[in-house]
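Undergrad: Dropping the structure in here first, questions after.
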Amino acid sequence: MSYRRIQVQPLAGALGAEVSGVDLGELDDGAYAEVHAAWLEHQVLFFRDQDLSPEQHKAFGRRFGELQIHPFLHSRKAEGHPEIVVLESDEARPYVASGWHTDVTFAERPPMASILRGVEVPAWGGDTMWASCNTAYDALSGAMQRLLSELAAIHDTSKTFSRDAYPSESHPDADKMPSALHPVIRTHPETGRRAIFVNPAFTRRIKGMRPAESDALLGFLYAHVATPEFTCRFHWQKNSLAIWDNRCTQHRVVADNARAHRRMERVTVEGDRPA
Ligand SMILES: [Fe+2]
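Take the sequence shown: its position 273, counted from the start at 1, is 258 in this note's numbering, and no numbers get skipped.
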């Protein structure tokens, strides 16, 4: 794919590209079309020096679709901007999201995209990693692909947003805990590529399997997706911005240099029902 308005430099073999030559605060339709095409091609895009106001950050998200307000994390929402989740860590507050996950897959319609901006970042450490669930799927044997294509998995919040882990958050009662049944392999509605769609934060079990079978298969898939060749890693600077396709990737923070102050702001775009 060639681009005329933006420069696109891939970062790794499986996914990830750094884009330059564009100010996301003043994005015209032609530049947006190229950013969107590059995003579908590379699954996660990185931009530097994007000093966006909360309004500009939200407006960039709205280019892709309607913004989602996170069902929990109430105490992490930005003042006056419930669409912006603030992820802040320092000496007193641990990193958030230090395990591999796809955002909000316990919802019937998980987000299509997440857009994360570095507001305060440490001089070193605190990188974020992404993994391509497309590339991971493509690397499976035909026999494994056929087995997985028949399966669905239950996703919920029990492992990640428990009352113990988030005592200050307001939670629904246990019997109203959100959960969703998603295919283990989903097909991307825009690219047509297939992706492994289970993750260790929110997938509880594979429907119809005995616990030992489900645990073994999910454990294999989690380790497989995290294969270094399927990943990329990004070092943040102040005003760096990442936008990832939540339909075909997982991500995690590398929780090193954990005492340094790090403040990230995230906007999330509504998605469709995985199929
Ligand atoms: Fe996340």
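Ideal Cβ placement from N, Cα and C applies to all residues, glycine included.
Taking only three categories from DSSP, how would you classify GLY127?
TA: Locating residue 127 in the sequence shown gives position 142, counting from the first residue. In this structure, GLY127 counts as helix in the three-state DSSP scheme.
Undergrad: Can you round the beta-carbon distance between GLN53 and THR253 to whole angstroms, since I take them to be within the 8 Å contact cut?
TA: Taking the first residue of the sequence shown as 1, we reach residue 53 at position 68. Taking the first residue of the sequence shown as 1, we reach residue 253 at position 268. About 4 Å separates the two Cβ atoms, so the contact holds.
Undergrad: Give the single residue among GLU26, HIS21, TYR(-12) and ARG(-11) whose Cα lies nearest to the Cα of SER117.
TA: On the sequence shown, position 132 is the one that residue 117 refers to. Nearest C-alpha to SER117: GLU26.
Undergrad: What does DSSP give as the partner residues of HIS167 in its beta bridges?
TA: Here the question's residue 167 lines up with position 182 in the sequence shown. Paired residue(s): ALA138.
Undergrad: Around ligand 1, what residues have a beta-carbon under 5 Å from a heavy atom of it, in chain order?
TA: Working through the chain, the matches are ALA82 and ASP88.
Undergrad: Taking DSSP as the reference, what is the three-state secondary structure of VAL29?
TA: Taking the first residue of the sequence shown as 1, we reach residue 29 at position 44. It is a strand residue.
Undergrad: Note down the Cα distance separating ARG131 from THR234, rounded to an integer number of angstroms.
TA: As a working mapping, residue 131 is identified with position 146 in the sequence shown. As a working mapping, residue 234 is identified with position 249 in the sequence shown. In a straight line, the C-alpha of ARG131 is about 21 Å away from that of THR234.
Undergrad: Measure the Cβ-Cβ separation of MET162 and THR142 and say whether it is below 8 Å.
TA: Within the sequence shown, residue 162 is the residue found at index 177, counting from 1. Within the sequence shown, residue 142 is the residue found at index 157, counting from 1. Yes, the pair counts as a contact, with Cβ atoms nearer than the cut-off.
Undergrad: Going by CA-CA distance only, name the one from ASN231, GLY65 and ALA(-3) that's closest to PRO259.
TA: In the sequence shown, residue 259 corresponds to position 274, counting from 1. Comparing Cα-Cα distances from PRO259 to each of ASN231, GLY65 and ALA(-3), the minimum goes to ASN231.
Undergrad: Would you kindly work out how many angstroms separate the C-alpha atoms of ALA137 and ARG94, rounded to a whole number?
TA: As a first step, residue 137 must be located in the sequence shown, where it is residue number 152. As a first step, residue 94 must be located in the sequence shown, where it is residue number 109. So the alpha carbons of these two residues sit roughly 15 Å apart.
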